[in-house]
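*Asks:* Mind having a look at this structure? Questions to follow.
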Amino acid sequence: MLSFLKVFILLLVLPLVLSKPVVNNVLSYGAIGDGLKDDTSSLLKAWEATCKSSSSSATMYFPPNRMFLTHPLLLKGPCKADVVRVEINGTITAPSEPKNWKCGSDNCDTWLHFSHIDGLEISGSGTISGRGQKWWDIKRGKDKPAALRITNSKNIGLSGLRFKDNPKMHIVLNGVQTAYLSYLKIEAPSHSPNTDGIHIGDSTDVHIQHCNIGTGDDCISIGGGSKKLRINDIICGPGHGISVGSLGKHGDYDEVDDVEIVGAVFTGTTNGARIKTWQGGKGYARNIRFEHILCQNCDNPIIIDQFYCDHEKCEDHDSAVKVSNVKFVNVMGTSKRETAVKIECSKTVPCEDIVLDTIHLRSSQEKKKATSYSSNARGEVRGEVVPKIVLN
Ligand SMILES: *[C@@H]1O[C@H](CO)[C@@H](O)[C@H](O)[C@H]1NC(C)=O
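Numbering (mature numbering (1 follows the signal peptide of the UniProt record, and there is no 0)) for the sequence shown: -19 to -1, 1 to 373.
Structure below.
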């Protein structure tokens, strides 16, 4: 009877013990957090412990009021817990001199790299500050690191954090399935090159909400292989707006399908809602909806550009990434350039099912009128659309 009771109690208590949340404070693994000492190896140890923990919820914790200096880190799964948490309430920073970064040929493209994890929740009130100023001065030739990259993973949450002055893109998702990004603040000056806020590629079912992004490149860029994206309530500026593309570079085959961007305010950005593809590319960008967009003094509030080219001379090609079923609904505000709406498609692969529904864009320049331009774009105009545009 007694042993039966013991077994009974054990059975009752065991799951509680096993699922007791584990919090691994990085300080307990030797991290100092004074902004000077290299904490890389201590952070790796804290990650290993967290990832291997058999608790159903394990947390790697960065306490506040500390600055953890780290070189490129690969935080790799698979992990044991159902959900691994990384709670960052302090600051994570990098060497400010690019030449002091300790990385090799295979890991210099990423600073904080999470890979092969199913169930990852990154949150906190802390900052990811890559001190990228010196990187921005380097022109070409050197691979610059993305700040936070998540690859080949699923069921991801990323919220609350602030990203500041990172060397290149701030957040990159590659090969991610099901991710929720919210309440992020991303900031870098308008002159910082290629500092996209969030870049998504080869990922499905990605939700981005309530983010405030101002950088020197796209606030959000959507690359090939992106499907089922839901983007809501974004404040963007400075920056290049929210872009699908560029797609089809070097003749690549790219697919982007089922993207909804609903609720975005662009202030002083070069673009608002943009789709850009290279000549000579293949594949498609389709089923894309931009809705409830406010542009305040954007250079190009609405733009589809099938002739995208980032250097001076681009050759003409017959093939192009097909652009179809793209809706711009309820787009208001002001345009800095005269051409507020530009739908420029190729003759051989025209854009199809383009819908402009309730557009009101005027020039932000005194006494100037906003105009529109379209070529090889088929579709329809609904509601009141100003400036007037003809699709055929
Ligand atoms: C981290 O900061 C958040 C927000 O300030 C707070 O809610 C949370 O409790 C902190 N985490 C820990 C483990 O103290």
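All C-beta atoms in this analysis are idealised placements derived from N, C-alpha and C, irrespective of residue type, glycine included.
Check the DSSP bridge columns for S355 and list the partner residues they point to.
*Replies:* Within the sequence shown, residue 355 is the residue found at index 374, counting from 1. DSSP, once it has assigned bridges, lists I324 as partnering S355.
*Asks:* Under DSSP, the beta strand (DSSP E) around Q158 begins and ends at which residues?
*Replies:* As a first step, residue 158 is located in the sequence shown; it is residue number 177 there, counting from the start. Taken as a continuous stretch (DSSP letters only), the beta strand (DSSP E) holding Q158 covers 152 to 163.
*Asks:* Measure the beta-carbon distance from C326 to A351 and round it to whole angstroms, keeping in mind my assumption that it falls under 8 Å.
*Replies:* Within the sequence shown, the letter at position 345 stands for residue 326. Within the sequence shown, the letter at position 370 stands for residue 351. Actually they do not touch by this definition, with Cβ atoms about 20 Å apart.
*Asks:* Give the single residue among D338, S77, H97, N70 whose Cα lies nearest to the Cα of F309.
*Replies:* Position 328 of the sequence shown holds residue 309. Residue D338 is the option with its Cα nearest to F309.
*Asks:* Pull up the distance between the alpha-carbon of C332 and that of L142, whole angstroms please.
*Replies:* Taking the sequence shown and counting its residues from 1, one reaches residue 332 at position 351. Taking the sequence shown and counting its residues from 1, one reaches residue 142 at position 161. One C-alpha to the other measures close to 38 Å.
*Asks:* Taking 8 Å as the threshold (C-beta atoms), are E241 and G206 in contact?
*Replies:* Walking along the sequence shown from the start, residue 206 turns up at place 225. Walking along the sequence shown from the start, residue 241 turns up at place 260. Contact flag unset, no.
*Asks:* Starting from C32, follow the alpha helix (DSSP H) in both directions and report where the run begins and ends.
*Replies:* Residue mapping note: residue 32 aligns to position 51 of the sequence shown, counting from 1. Start and end: 21 to 33.
*Asks:* Which value, in whole angstroms, describes the spacing of the CA atoms of A321 and I370?
*Replies:* The count along the sequence shown starts at 1 and reaches residue 321 at position 340. The count along the sequence shown starts at 1 and reaches residue 370 at position 389. The straight-line gap from Cα to Cα measures roughly 10 Å.
*Asks:* Do A266 and V312 count as a contact pair if the criterion is CB distance below 8 Å?
*Replies:* Taking the first residue of the sequence shown as 1, we reach residue 312 at position 331. Taking the first residue of the sequence shown as 1, we reach residue 266 at position 285. In this structure, A266 does not lie closer than 8 Å to V312 by Cβ.
*Asks:* Checking 8 Å against the spacing of the C-beta atoms, do I181 and L154 come in under that value?
*Replies:* Position 200 of the sequence shown, counting from 1, holds the residue named residue 181. Position 173 of the sequence shown, counting from 1, holds the residue named residue 154. A contact, by the Cβ cut-off of 8 Å.
*Asks:* Which residue wins for smallest C-alpha separation from V304, given the options T248, S86, K328?
*Replies:* Residue numbering aside, residue 304 sits at position 323 when the sequence shown is read from its first letter. Of the listed residues, the one whose Cα sits closest to V304 is K328.
*Asks:* Under the rule that 16 or more other beta-carbon atoms within 10 Å means buried, what is S106, buried or exposed?
*Replies:* Residue 106 sits at position 125 when you count from the first residue of the sequence shown. S106 is exposed by the Cβ-count criterion.
*Asks:* Is N147 near ligand 1, with its Cβ less than 7 Å from a heavy atom?
*Replies:* Here residue 147 refers to the residue found at position 166 of the sequence shown. Every heavy atom of ligand 1 is 7 Å or more from the Cβ of N147, so no.
*Asks:* Within this structure, are the beta carbons of G314 and L342 separated by less than 8 Å?
*Replies:* Taking the sequence shown and counting its residues from 1, the one referred to as residue 314 is at position 333. Taking the sequence shown and counting its residues from 1, the one referred to as residue 342 is at position 361. Yes, the Cβ-Cβ distance between G314 and L342 is below 8 Å.
*Asks:* Can you pull the DSSP bridge partners for H341?
*Replies:* Here residue 341 refers to the residue found at position 360 of the sequence shown. H341 is bridged to M313, V367.
*Asks:* Identify every run of the alpha helix (DSSP H) within the region 204 to 260, keeping only runs that are complete inside it and at least 4 residues long; order them along the chain.
*Replies:* For the region 204 to 260, not a single whole alpha helix (DSSP H) run of length 4 or above is found.
*Asks:* Output the distance between the C-alpha atoms of Q114 and S173, rounded to the nearest integer angstrom.
*Replies:* As a position in the sequence shown, residue 114 is number 133, starting the count at 1. As a position in the sequence shown, residue 173 is number 192, starting the count at 1. Rounded to whole angstroms, Q114 to S173 spans 8 Å at the Cα level.
*Asks:* Using 8 Å as the threshold, is the C-beta distance between N252 and N281 below it?
*Replies:* As a working mapping, residue 252 is identified with position 271 in the sequence shown. As a working mapping, residue 281 is identified with position 300 in the sequence shown. Yes. Within cutoff.
*Asks:* Starting from K115, trace the alpha helix (DSSP H) both ways and give me its first and last residue.
*Replies:* The residue you call residue 115 lines up with position 134 of the sequence shown. Note, K115: alpha helix (DSSP H), 114 to 118.
*Asks:* How do the region 31 to 50 and the region 5 to 17 stand: do at least 3 beta-carbon pairs fall below 8 Å, yes or no?
*Replies:* Touching, per the Cβ criterion.
*Asks:* If the criterion is Cβ atoms closer than 8 Å, does the pair S96 and G58 meet it?
*Replies:* In the sequence shown, counting from the first residue as 1, residue 96 sits at position 115. In the sequence shown, counting from the first residue as 1, residue 58 sits at position 77. In contact: S96 and G58 (Cβ atoms closer than 8 Å).
*Asks:* Is N5 close to ligand 1? I mean its beta-carbon at under 7 Å from any heavy atom of the ligand.
*Replies:* Taking the sequence shown and counting its residues from 1, the one referred to as residue 5 is at position 24. No - ligand 1 has no heavy atom lying nearer than 7 Å to the Cβ of N5.
*Asks:* Could you tell me the boundaries of the beta strand (DSSP E) in which I103 lies?
*Replies:* Within the sequence shown, numbered from 1, the residue matching residue 103 stands at position 122. First-last of the beta strand (DSSP E) with I103: 99 to 104.
*Asks:* Quick check on the burial criterion: 16 or more other C-beta atoms within 10 angstroms. Buried or exposed for P126?
*Replies:* Translated into positions along the sequence shown, residue 126 becomes position 145. Label assigned to P126: buried.
*Asks:* Check whether the Cβ of N70 sits closer than 7 Å to any heavy atom of ligand 1, and report yes or no.
*Replies:* Working through the sequence shown from its first residue, we reach residue 70 at position 89. Indeed, a heavy atom of ligand 1 lies less than 7 Å from the Cβ.
*Asks:* Using DSSP's beta-bridge definition, name the partner residues of H172.
*Replies:* Here residue 172 is taken as the residue at index 191 of the sequence shown, counted from 1. The partner list for H172 (beta bridge, DSSP) is empty, contrary to what the question assumes.
*Asks:* Check whether the Cβ atoms of P218 and D198 sit closer than 8 Å, and answer yes or no.
*Replies:* Taking the first residue of the sequence shown as 1, we reach residue 218 at position 237. Taking the first residue of the sequence shown as 1, we reach residue 198 at position 217. Just to set this straight, residue 218 is Gly in the shown sequence, not Pro. Cβ distance not < 8 Å, so G218 and D198 don't count as in contact.
*Asks:* Reducing DSSP to helix, strand and coil, say where S36 ends up.
*Replies:* In the sequence shown, residue 36 corresponds to position 55, counting from 1. Reduced to three states, the DSSP call for S36 is coil.
*Asks:* Look up R143 in the DSSP assignment and give the residues it is bridged to.
*Replies:* Position 162 of the sequence shown holds residue 143. Bridge partners of R143: T108, K166.
*Asks:* Does ligand 1 have even one heavy atom less than 7 Å from the beta-carbon of G105?
*Replies:* Looking up residue 105 in the sequence shown gives position 124. Yes, Cβ of G105 sits closer than 7 Å to a heavy atom of ligand 1.
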